[in-house]
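For the record, the sequence lines run as chains X and P.
Reminder that position 56 of the first sequence reads as 58 in the numbering used here, one-by-one numbering, no gaps.
Reminder that position 151 of the second sequence reads as 153 in the numbering used here, one-by-one numbering, no gaps.
Below is one structure, written out as structure tokens; comments come after it.
2 protein chains.
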Amino acid sequence: MPYQKFERIPRATISRLAIYVQELEAMEQHGVKVVSSEKLAVSCGVNPSQIRKDLAYFGEFGLRGVGYHVFELKEAIKQSLGLDRTWNVALVGVGNLGRALLRYNILRKRGFVIVGAFDCDPFKIGEEVNGLEVYCSSRLQDKSRELNVEIGIITTPPERAQRAVNYLLEAGIKGIVNFAPARITAPPNVAVEYVDFINHLFSIAFIITQNQAKGLY
Amino acid sequence: MPYQKFERIPRATISRLAIYVQELEAMEQHGVKVVSSEKLAVSCGVNPSQIRKDLAYFGEFGLRGVGYHVFELKEAIKQSLGLDRTWNVALVGVGNLGRALLRYNILRKRGFVIVGAFDCDPFKIGEEVNGLEVYCSSRLQDKSRELNVEIGIITTPPERAQRAVNYLLEAGIKGIVNFAPARITAPPNVAVEYVDFINHLFSIAFIITQNQAKGLY
DNA sequence: CAGTGTGAATATCTTCACAGCA
DNA sequence: TGCTGTGAAGATATTCACACTG
Numbered sequence: 003m004p005y006q007k008f009e010r011i012p013r014a015t016i017s018r019l020a021i022y023v024q025e026l027e028a029m030e031q032h033g034v035k036v037v038s039s040e041k042l043a044v045s046c047g048v049n050p051s052q053i054r055k056d057l058a059y060f061g062e063f064g065l066r067g068v069g070y071h072v073f074e075l076k077e078a079i080k081q082s083l084g085l086d087r088t089w090n091v092a093l094v095g096v097g098n099l100g101r102a103l104l105r106y107n108i109l110r111k112r113g114f115v116i117v118g119a120f121d122c123d124p125f126k127i128g129e130e131v132n133g134l135e136v137y138c139s140s141r142l143q144d145k146s147r148e149l150n151v152e153i154g155i156i157t158t159p160p161e162r163a164q165r166a167v168n169y170l171l172e173a174g175i176k177g178i179v180n181f182a183p184a185r186i187t188a189p190p191n192v193a194v195e196y197v198d199f200i201n202h203l204f205s206i207a208f209i210i211t212q213n214q215a216k217g218l219y
Numbered sequence: 003m004p005y006q007k008f009e010r011i012p013r014a015t016i017s018r019l020a021i022y023v024q025e026l027e028a029m030e031q032h033g034v035k036v037v038s039s040e041k042l043a044v045s046c047g048v049n050p051s052q053i054r055k056d057l058a059y060f061g062e063f064g065l066r067g068v069g070y071h072v073f074e075l076k077e078a079i080k081q082s083l084g085l086d087r088t089w090n091v092a093l094v095g096v097g098n099l100g101r102a103l104l105r106y107n108i109l110r111k112r113g114f115v116i117v118g119a120f121d122c123d124p125f126k127i128g129e130e131v132n133g134l135e136v137y138c139s140s141r142l143q144d145k146s147r148e149l150n151v152e153i154g155i156i157t158t159p160p161e162r163a164q165r166a167v168n169y170l171l172e173a174g175i176k177g178i179v180n181f182a183p184a185r186i187t188a189p190p191n192v193a194v195e196y197v198d199f200i201n202h203l204f205s206i207a208f209i210i211t212q213n214q215a216k217g218l219y
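Structure follows, in structure tokens:
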């Protein structure tokens, strides 16, 4: 990590940094070498000072009067976020969504390698998905340590999400991304993120309903 | 919609309401009839006054000294969000993730029915997934109107996301949920939500890195 | 009297505006 | 001159604290 100020970094900043990385990579592929906060802001859909402020939490990466060097900035952000390495991930719940993630190459491309797949359904255990054997969830503890897993992904049905969490905790996991539409609990030293896409559909439905009430259509 | 104050409702409130619905449904299934903001707050991982304030945007649903009637509150929130009906959805991009969503029953259970699947890959067109024929993306316009679609889901690779958006716009869609890891642009009267789960993995990686730096493990 | 509904207080996040540097 | 980096201002969101009610 470069130097990082003695200031708490807002959650919102982190998720925007992820967006910046995404856009910087796209720019890199298009051969763009240098970018201003103005330009990057447009393609990320945020305010330019927002970008400058977000970056300021980690250091000074820009050249006044010029902008940012695309490749360098991308690398600097990735380093700041701890993405200058790969992370081993265990996936619990080999349903439709779990299978999709097991086959989803973008994850690996971004440095998140699913090294273990687990399910409690006897019919699924032993099956092979994308070159990975499905193990019984009760084996999470020994397998995780063997495979050096640090992050868990939960793609079980909602009612089994907490059980999956418990297995992951026993396995000494440090972070969890929960795709199941259910709240889960974990000790404060274990990071939890929710990917709750029904949520997003709810929001869309609400906004459309409101727009319709306003007579926008 | 009940009565809704003449006050803008924060985005954050909307996504919490979605969580409340989730938890209220779980409580209902467990036979809980009445709940206080305190109890609901615990299971949603938020502050009790937050809940009361969120609900206050839409009306008064509680009984002082008692709490909220689980079923009634859930119904009231759903009505406020425009979820007292079903929404027809078109899905663009029948890859791993698209297939998973087509087979994901929770969506339908929540009132979002995928009525059309589209892809531009000739090998996929004509294929049947979960009882739905895959059509060529160029047919989005006519098919969408025929099927009365209001919401689009994008599950294409990032570089094809904007093209999918354009098709959806032509089809007169009113809201888009984008699962592709790419920023997209749409006119302001079309609601856009991002489901960016790589984002969440980035956040987890960052938090773990930070915790490690703090010597937490 | 337990628990809601809400104004007021606090905390957090975003945007502005501009000094200062390449 | 052009664009960064940043303190100060403004906008939002969250939490507190308590009057009030079933």
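For every residue, glycine included, the Cβ atom is placed at its ideal position computed from N, Cα and C.
Task: Paired residues, beta bridge with Tyr70/X - DSSP - done: Val37/X
Task: 8 Å CB neighbourhood of Gln164/P in its chain, flanking five on each side removed - done: Ala184, Ile186, Thr187
Task: Which of helix, strand or coil DSSP assigns to Gly100/P - done: helix
Task: His71/P: contacting residues in chain X (beta-carbon distance under 8 Å) - done: Those do not exist, as His71/P stays about 21 Å from chain X at its closest Cβ, beyond 8 Å.
- [ ] Have a look at the DSSP bridge pairing and note the partners of Ile153/P.
- [x] Val91/P, Gly177/P
TODO: Check whether the Cβ of Glu223/P lies closer than 8 Å to any Cβ atom in chain X.
DONE: An answer regarding residue 223/P cannot be provided, because it is not within the stretch 3 to 219 covered by chain P.
Open item on the list: Please report whether the beta-carbon of Ser146/P lies at a distance below 8 Å from any beta-carbon of chain X.
Closed with: no
Open item on the list: What would DSSP say about Ala182/P, mapped onto helix, strand or coil?
Closed with: coil
Open item on the list: Three Cβ pairs or more, each shorter than 8 Å: is that satisfied between the region 171-180 of chain P and the region 143-158 of chain X?
Closed with: no
- [ ] Look at the alpha carbon of Phe73/X and the alpha carbon of Val44/X, and state the distance between them as a whole number of angstroms.
- [x] 18 Å
Task: Contacts that Ala163/X makes with chain P (C-beta to C-beta distance below 8 Å) - done: Chain P residues near Ala163/X: none, gap ~11 Å exceeds 8 Å.
Open item on the list: Whole angstroms are fine: how far does the CA of Glu30/X sit from the CA of Gly47/X?
Closed with: 18 Å
Task: Closest residue to Ile116/X among Leu85/X, Gly154/X, Leu83/X (Cα-Cα distance) - done: Gly154/X
TODO: Check the Cβ-Cβ distances between Lys126/P and every residue of chain X, and say whether any is below 8 Å.
DONE: no
- [ ] Pull up the distance between the alpha-carbon of Ile210/P and that of Cys122/P, whole angstroms please.
- [x] 40 Å
Task: Test item: CB-CB of Phe120/X and Tyr106/X under 8 Å - done: no
TODO: Go to Ile21/X, then tell me how far its alpha helix (DSSP H) extends in each direction, as first and last residue.
DONE: 13-31
TODO: Answer with yes or no whether the minimum CB distance from Tyr137/P to chain X is below 8 Å.
DONE: no
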